[in-house]
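Here our numbering is used: the first residue of the sequence shown is 6, the next is one more, and so on.
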Amino acid sequence: MSDSYDFGGVRLDQVERFSQAVTGGVVGATVIVFDRELRILVADGAAYVRHGTRAESLIGRQIVDVLPAEAWRRLKGRYEAALRGERSSFEYRATDGLGCYWVHLSPFQDELGEVVGGVLVSQDITERLERDEERRMEVEHTTAAFADAPIGMAAVGMDGKFIRVNPALCRMAGRTADELVGTDYRELIHPDDLVASAADLIALRSGKSTHESERRYFRADGSVAWALVSTTPLRSVGDRPSVLFVQVQDATLRRRAEENLHRRLRQQSAVAELGMRALAGGDLDELLEAACEEMARALEVELTSYLEVRPGGDELLLRAGTGWERGDVAHLLLPAGEQSLAGYALQSGRAVVTHDLREEERFDAQILRARGVISSVSTVVGGPAHAIGVLAVHAREPLAFTSEDVHFVQSMANVLAETMERREAEERIRHQAHHDPLTDLPNRPQFVARLEDALEASASRHLHPAVFIVDIDDFKAVNDSLGHEAGDALLCAIASRLREVVRDGDVVARFGADEFAVLSPTLRSRNQVHEVAERLLAAFARPFEVGAETHYAQASVGVCVAEDSSRAAEEMLREADAAMYRAKDRGRNRYELLSEAVVAKTVDRLRIHNELRRALANGELRVCYQPFFNLGDPVLVGAEALVRWQHPERGLLGPGEFLPVAEESGLIVALGEWVLREACAQAARWSDRLGDAPFLLTVNVAARQFATSTLPDVVRDALKRSGLAPGGLGLEVTEGALADAHADPEAALHALKEVGVRLLLDDFGKGFSSLGRLKRLPIDMVKIDRTFVDQVAHPDSHDSAIVEAIMGMARALDMDVIAEGVETEAQMTSLRGLGCGVAQGFLLGRPSPAADIDALVDRVGT
């Protein structure tokens, strides 16, 4: 081999070793290695010796000049594919009578994996073809021998039709030889296996020596059986097979045993999976649905159901299931008597198996028959002594459910029963820990927890929760004169009466002895406080019927109203208790508010309302703008519009001094529209100066504004008047506004989104929205509440983790984030470290008139 040829950086000794590795030990093999210009670099193998040509004389020549014409015609066009990294092979018979050859063409790569040439491997297969022909002739001479073979045998043409069959195959198929010969074997194959069988035939036609597979076929009676099929092609004188020799062994019993084993394993796995889910807790309806889905998969049926025994025991509710029509689950009711299948199972207290509902006479199965059910298994959940439901599987084709299948359904029912009984016991324990054992009313710890929740929610909803302590006057005399049993009965009657007279959402509790408490969490005015107190006193105006006895009672009521959310629950209880004793001191059978601050505050709110209405007409309101910056630059990226009141006597007032009154009175709608128009006009002026620089102006939307159906039109009008592009305006709404102000907040937000503006969720983290609900809302940006930013830099605070979690959630939902209330360098540094990109706060800029923001805008523009 000459050293003058360079093979793309690959050493020639490597090419030679490759050639020797390929041809070594292979009879009649030839290797030609060529470069991208089709020059031969290596030529080695028996074929060239056979032709009387020395391999060394081929080095450097074009491959087209040395190959036989027949080989080049088959090779032409394939070498380019090899240079692209593809492989191909073919057979050809030499016209010079020197035999038949198998040729394989593949790419050759250098050490870096780059294709720098091709490799042609050729092997003389003349002797192999001759052996195949001899084998075919041998089979032809011995066809009589397979007539007595214990396994099925057949000769099949390349068109797929039976040429010859033996008696064993006829017995397996349930057909005579005359019925099979001339029939396409694919007519016997199960439809689900036809594609695979067609692929088998194509592979055998292409030269595959032997193929084994398991396939399903139909017997003459229509039953389905399994067979292990081994197929060998018998070649003719040419290079293509002409007949397939097929051996068939019945595998039905083995396959059925395997399927039964797999079916049992699936069932055991389903029971274990359901048990794990039950132990993990979670929603009961989800667990019931999971049980039905697992049964459907394990038993390969479409229809499953869990029927819950309704209170009273006369009806069953379809609480979960698969395969039912839309609207059936949680709505379909069935009778619980013996006339229905489920009722029959309940009455019998055991599993009920029916193989054909069309012939069933023990019960009425009209509902199941109407849904195409033929076979069914139903079992009781909870046992006959305490049945809580019926679990069932239904098949729309005749199925012979085995004892293992019935045991599986019963095991699933046992898991559900144990889970529900355990949860019921846990719920009883929790209930007893938080409720009075005599009246079943919430106890003091539970009442305090509910009060704390109400106080926390009141800030964003502008509510004033009120506590009413109700103490029965002279109750000791009842116990002393009638006994404690009668006293307990009267307390239960009073508890029932109090529940009747309070408003929806109010909480009635018993603190002990003769003292009750009422929480009204959603009061907005002084009048509502008086209404609730008077209603409580009126509850004692009527006598109490306790058994055959009539008792009269009266009470003293003390009231405490939360003027703001900073009130402590225990403090309110103390003040309400003091007010109750004041009511007793003033004659009993009355109510008292300990403080007159609420009265003064109500008068003040009325005055503010009247003056605020005048301020709107006289132009006393002002719009200030608090900028927010990109923390990476920092550069101005937007501002929030904030309203201020230039009061003629009290000076400039912040929003906390008049917005609550505006929201309570409804004046916030007109005020909000004015702010929106002013802010859009100013944003349009800044947009002209900024050019293409991004800038977002945000405006707060109050709950009452959000509740109006005209808000999208108001926004469109403000944008049209100002000329501001919709994308330059953001509307901020709190979670409280979403919850309180609109029956369908998702639809309302989508209506605003159609206008083209950006939507921001303000004070994020303080509300109670779930992540599942948030991802359905068309929110573009969330503003992290300042309460989390305040302690974000403190080493012992968990707020940095909360901020990081909020930002991670926002990124997952493709939302932007703004951090509010940044007041220190440490906070800003921490926020940068957590990946927060945009922030606002006193450190970066206080709310200022538009003229003061102009300089920041001009700085961005330059």
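No residue lacks a Cβ here, since even glycine has one placed at the ideal position from N, Cα and C.
Between the beta-carbon of Y84 and that of G123 there is about 6 Å, and that keeps the pair under the 8 Å contact cut. Ranked by how close their Cα comes to the Cα of I499, the residues N484, V475 and H489 have V475 in first place. Fully enclosed beta strand (DSSP E) runs of no fewer than 3 residues occupy 216–223, 229–240 and 246–255 of the stretch 204–283, in order along the chain. P660 is not a Cβ neighbour of L849, given a cutoff of 8 Å. For A742, same chain residues with a beta-carbon under 6 Å away, outside a window of 5 residues either side, are A708 and F711 in chain order.
For C629, the enclosing beta strand (DSSP E) covers residues L626 to N635.
Pairing L289 with R324, the inter-Cα distance amounts to about 10 Å. If you compare the alpha carbons of E409, P238 and Q254 with that of S247, the shortest gap goes to P238. Separation of G552 and G387 (C-alpha to C-alpha, rounded to the nearest whole angstrom) is 36 Å. If you compare the alpha carbons of A491, A518, Y596 and D183 with that of R540, the shortest gap goes to Y596. With at least 16 other beta carbons inside 10 angstroms of its own, R572 counts as buried. If you draw a 10 Å sphere on the C-beta of K780, you find fewer than 16 other C-beta atoms in it, and that means exposed.
Distances from the CA of Q832 to each of A392, R591 and F793 were compared; the closest alpha carbon is that of F793.
For Q352, there is no enclosing beta strand (DSSP E); the enclosing alpha helix (DSSP H) covers residues L346 to S353. One Cα belongs to E278, the other to L209, and the distance between them is close to 44 Å. The way I'd put it, the stretch 377–387 does touch the stretch 400–420; three or more beta-carbon pairs between them come closer than 8 Å. In this structure, the alpha-carbon of V706 lies about 18 Å from that of L621. Rounded to whole angstroms, the gap between the alpha carbons of W679 and T713 is 16 Å.
The beta-carbon distance between V253 and L199, rounded to whole angstroms, is 17 Å. This is too long to meet the 8 Å contact definition. Nearest C-alpha to L487 among S345, G280, L110 and H556: H556. CA-to-CA, the gap between V666 and G510 works out to about 24 Å. Annotated as proximal: F634 and A844, with beta-carbon spacing under 8 Å. Excluding its 5 nearest sequence neighbours in each direction, Q344 has C-beta neighbours in its own chain below 8 Å: F368 and D369, listed in chain order. Here the alpha carbon of A430 sits roughly 16 Å from the alpha carbon of N419.
DSSP, reduced to helix, strand and coil, places R547 outside both helices and strands of the structure shown, so it counts as coil.
Within the stretch 389–463, the runs of alpha helix (DSSP H) that reach at least 4 residues and sit entirely inside it are, in chain order, 408–439.
Assignment of alpha helix (DSSP H) within the stretch 670–726, counting only whole runs of 4 or more residues, yields 673–695 and 708–712 in chain order. The closest CA to that of R302, considering only L43, E313 and G328, is found on G328. Cβ-Cβ separation between I393 and M425: approximately 6 Å, consistent with a contact (criterion under 8 Å). Around the beta carbon of L818, a 10 Å sphere encloses fewer than 16 other beta carbons of the protein chains shown; the residue is thus reported as exposed. With 16 or more neighbouring CB atoms inside 10 Å of its own CB, K788 falls in the buried class. Here R78 carries a helix assignment [DSSP, helix/strand/coil]. According to the DSSP assignment, R587 belongs to the alpha helix (DSSP H) that extends over A574 to D590. Within the same chain, Cβ atoms closer than 6 Å to the Cβ of G492 are found at V483 and N484, the five residues on either side in sequence being excluded.
In this structure, A588 keeps its C-beta atom at 8 Å or more from the C-beta atom of V472.
Between R224 and A296, the gap from beta carbon to beta carbon reaches 8 Å or more.
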